[in-house]
Every structure is written in C-alpha cells, then in structure tokens.
Amino acid sequence: MIAAIFLLGASPQPKKVDKVSLELYQGTFVIRHGKDVERVPADPPAPKPTLAVVFRRNAAFAVWDDRGLTTRFGEKSQSTHLPEIAVSPKIFRRNEILDTIKKIKQGSRSKNASALSGSARIATNAYFLVRWNEKKGTPWAEALVRVDLTAPHSQPALVGRFEGLSTGGNAIDDKLFLLNGHLATVVKTEDSWGLATYDPATKKFAYEPLGTDLVGFRRVDGQTGLFKEKSGYGTTILGSLDLKTAKRKTLAEVRGAATFVDSSSPYLALISSGDKAKVRNLSTGAETDLDIDALLRRVGSRVLTWPKSDKPSQAVLLDPSRWDVVATWSRH
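Spelled out as structure tokens, the structure:
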C-alpha cells in the first residue's frame with residue numbers, strides 16, 4: 553500500500569538495503585543504520601522567530617527589536633522607529649512624499665518603520681535595512697541605516713535606498729549580507745529583479761538586473777543563492793545564482809507549481825500540478841511520484857516522506873540519487 557501511495561507507476565523497483573530500519577515512536581520517526589540513529593519529528597515545531605538583532609562594541613550597542621532601533625552608549629540609550637525617514641527628501645521624490653502623507657492621513661501607512669529586512673556589520677559600523685509596511689502588511693519602502701559604534705551618542709544615520717525592495721517579509725529577517733566588501737541584497741523592482749549593492753568606501757549604490765518576475769529567493773551560503781521565478785509564457789523556473797559573479801543557472805523549468813525542498817545539496821524540487829506531485833533530483837534528473845499531500849524531510853543523504861496527517865500511518869525512506877526505497881514503515 554505504501555508503494556501505491558508514494559511511488560506511483562514510474563518509480564524504480566524497491567531495493568533492499570541491509571541494516572536500515574524505520575519506525576515511528578512517540579511521534580518521532582526513528583531511522584537506524586547499524587549503530588547510527590537519526591530522529592525526525594512527524595510534526596516538527598514551527599521555527600521560532602528572531603526577536604532581536606544586536607551589535608556591540610565595548611559599551612556601545614545597536615539593537616533592533618520591538619522598540620525599533622535602539623542605540624546605547626554606557627548608561628544612556630534611545631529608541632526610535634525612524635519616522636523622519638518615511639518622508640525624507642534625501643531618498644524620496646516630492647510626489648512620493650506627498651503620496652505617503654496622503655496615505656498616512658488615510659490610515660493605510662505609518663511614518664514608523666515596522667520591520668527589519670536585514671542587518672550586517674562592517675568594521676565598527678552596524679547597518680540596518682529597515683522596512684515600512686502598509687497597514688495590510690505589504691512593504692512600500694526600505695532604507696539603509698548606519699550606526700557608528702565608535703562615536704558616543706551616535707545617532708542612526710540614513711545611508712540611502714537600494715533599487716527596489718528586498719525579499720524580506722518577517723518582522724526581523726536576514727536579507728542583507730556582505731559580498732565582496734559591499735552590502736548586498738536581492739531585490740524586486742517594478743519590472744525586474746536582481747542584485748543590489750552598496751559600497752561603503754565609495755558610498756555608491758548599484759543594481760544588476762537578473763530576471764523579470766521573482767517569486768522567491770534564499771541564500772544557501774556566501775557564494776550561492778536559489779531563486780524561483782515565473783516566465784513570461786507561464787512556466788515556473790527554479791535556478792541557482794552565483795552571488796559573487798551575479799551569474800544565474802536554470803536548474804528546472806516546469807508547467808505547474810514547483811519549489812525547492814530545502815537548501816541542501818543535491819537540490820531537490822517538489823513539483824505539482826492538479827492532484828499530482830513528484831519530487832525531482834535536480835542534479836541527476838531522477839524523479840518519483842508522490843502523494844499530493846506528502847511531507848519530505850532530508851535525513852543525511854536520504855529523504856524521508858510520509859502523508860501529511862496528525863497520526864501518520866506510513867512512511868518511506870528514499871535514496872534521492874535514483875529514488876530507490878531504502879526502508880519503509882506502516883502502522884499495523
């Protein structure tokens with residue numbers, strides 16, 4: 553029955569692998585291979601949100617949390633949501649400022665920054681990519697702000713704006729990173745998406761467009777990112793981005809919905825259309841059919857999959873190189 557649910561028609565014949573067992577014990581899948589034991593919660597807890605970002609140098613602190621941006625030097629501290637930036641002529645045109653003032657009066661916007669899209673430190677300077685959201689939650693502005701951790705009573709300084717808006721969406725996110733000595737983030741503009749940078753040495757912003765309709769982006773490490781975009785002819789594209797060279801590579805292009813399973817290598821894609829789903833190894837091209845509601849978790853070099861349920865009744869451990877079955881479990 554397990555094979556019928558998880559590995560439909562096109563799947564390879566199950567291949568037995570000695571000394572690998574799979575069972576469910578008190579809500580946790582337990583995988584044993586010789587003396588090695590790995591455990592995967594059947595209902596993993598949601599990731600805990602980041603509550604604060606802190607930069608420190610001796611007695612100087614720069615902190616972003618629910619108070620906004622707080623600077624502290626010794627015993628003296630001050631907090632701000634940077635309301636003056638929302639209507640600053642340094643980064644907004646006159647028509648933009650007038651539009652913002654109108655929407656503030658209507659109640660759909662606030663001068664106060666509502667979120668942090670990312671942060672980074674270069675030497676003794678802490679940088680914050682601060683975000684303003686509409687009342688309904690949609691981002692409408694971001695600004696790069698600097699705090700000098702060497703200057704007593706230093707005020708947050710407005711640096712400027714990146715082209716477009718980052719992909720940050722959480723109250724505190726990590727979309728700002730260091731790249732070749734610059735601050736960088738992947739952004740979306742009205743008609744493109746790409747890599748935006750700021751050079752602290754020259755105080756210049758730059759932008760390199762890389763595509764048109766970005767759906768999602770995640771960094772794997774300091775060198776690589778994974779992107780998902782829609783093409784102009786209705787397909788979904790999954791690809792990798794070399795951040796240091798700004799070169800993109802298409803890994804898959806499919807009709808229907810597609811998403812990366814996670815950020816680990818080899819990259820795996822979950823592809824679905826209607827009531828059908830499959831998972832593809834983007835390195836080998838091998839794929840296998842799945843139940844439409846299947847959950848997947850990587851366990852070392854293998855993949856564990858089971859139907860979404862409060863009380864799972866079956867599970868399969870797979871080798872993603874060719875999707876051979878390594879072990880199975882079912883409730884008797």
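Numbering (our numbering), first residue to last: 553 to 884. Glycine included, every Cβ here is placed at the ideal spot set by N, Cα and C.
- Taking all protein chains shown into account, residue 720 has 16 or more neighbouring C-beta atoms within 10 Å of its C-beta and is therefore buried.
- Within the stretch 788 to 840, the complete beta strand (DSSP E) segments at least 3 residues long are 788 to 794, 799 to 806, 809 to 812, 820 to 825, 828 to 833, listed from N- to C-terminus.
- Burial state of residue 679 is buried, judged by a 10 Å Cβ sphere holding 16 or more other Cβ atoms.
- Short of 8 Å from the beta carbon of residue 835, and not among the five residues preceding or following it, lie these beta carbons of its own chain, in chain order: 817, 818, 819.
- Of the residues 690, 707, 851, 837, the one whose Cα lies closest to the Cα of residue 717 is 690.
- Per DSSP, the unbroken beta strand (DSSP E) holding residue 583 starts and ends at 580 to 585.
- In this structure, the alpha-carbon of residue 681 lies about 5 Å from that of residue 669.
- A Cβ-Cβ separation of about 7 Å places residue 605 in contact with residue 615 under the 8 Å criterion.
- Within the same chain, Cβ atoms closer than 7 Å to the Cβ of residue 873 are found at 833, 836, 838, the five residues on either side in sequence being excluded.
- Distances from the CA of residue 782 to each of 804, 775, 773, 772 were compared; the closest alpha carbon is that of 804.
- According to the DSSP assignment, residue 775 belongs to no alpha helix (DSSP H), since it is labelled neither H nor E.
- For residue 768, the CB contacts under 8 Å within the same chain, skipping 5 residues up- and downstream, are 719, 779, 780, 811 in chain order.
- Per DSSP, residue 651 is one residue of the alpha helix (DSSP H) stretching across 646 to 658.
- When the five nearest sequence neighbours on each side are left out, the beta carbons in the same chain lying within less than 6 Å of the beta carbon of residue 822 are those of 811, 813, 831, in order along the chain.
- The C-beta distance from residue 750 to residue 711 rounds to 7 Å, short enough to meet the 8 Å contact threshold.
- By a beta-carbon distance limit of 8 Å, residue 793 does not contact residue 731. Their separation comes to about 11 Å.
- The three-state secondary structure of residue 760, taken from DSSP, is strand.
- According to DSSP, residue 619 shares a beta bridge with no other residue.
- If you ignore the 5 residues before and after residue 625, its C-beta comes within less than 7 Å of the C-beta of 611, 612, 704, 705, all in its own chain and listed in chain order.
- Here residue 852 is exposed, its C-beta having fewer than 16 other C-beta atoms within 10 Å.
- Taking 8 Å as the cut-off, the Cβ atoms of residue 714 and residue 739 count as close.
- At the C-beta level, residue 846 and residue 859 come within 8 Å of one another.
- In the structure shown, the three-state DSSP call for residue 703 is coil.
- Secondary structure remark: continuous beta strand (DSSP E) runs of at least 3 residues inside the stretch 589 to 616, in chain order: 605 to 609.
- Around the beta carbon of residue 627, fewer than 16 other beta carbons sit within 10 angstroms, so the residue counts as exposed.
- If you keep only unbroken beta strand (DSSP E) runs of at least 3 residues inside the stretch 684 to 753, you get 691 to 700, 709 to 712, 729 to 731, 734 to 740, 745 to 751.
- According to the DSSP assignment, residue 765 belongs to no beta strand (DSSP E), since it is labelled neither H nor E.
- With respect to the 8 Å criterion, residue 724 and residue 622 are not classified as neighbours on the basis of their beta carbons.
- With a cutoff of 8 Å on beta-carbon distance, residue 870 and residue 854 are scored as near each other.
- The residues 808, 809, 844, in chain order, have a CB closer than 7 Å to that of residue 824 in the same chain once the five nearest residues on each side in sequence are set aside.
- Under the three-state reduction of DSSP, residue 859 is assigned to strand.
- Excluding the 5 residues flanking it on each side, residue 617 has same chain C-beta neighbours closer than 7 Å at 603, 604, in chain order.
- Per DSSP, residue 627 lies in no beta strand (DSSP E) segment and is marked neither H nor E.
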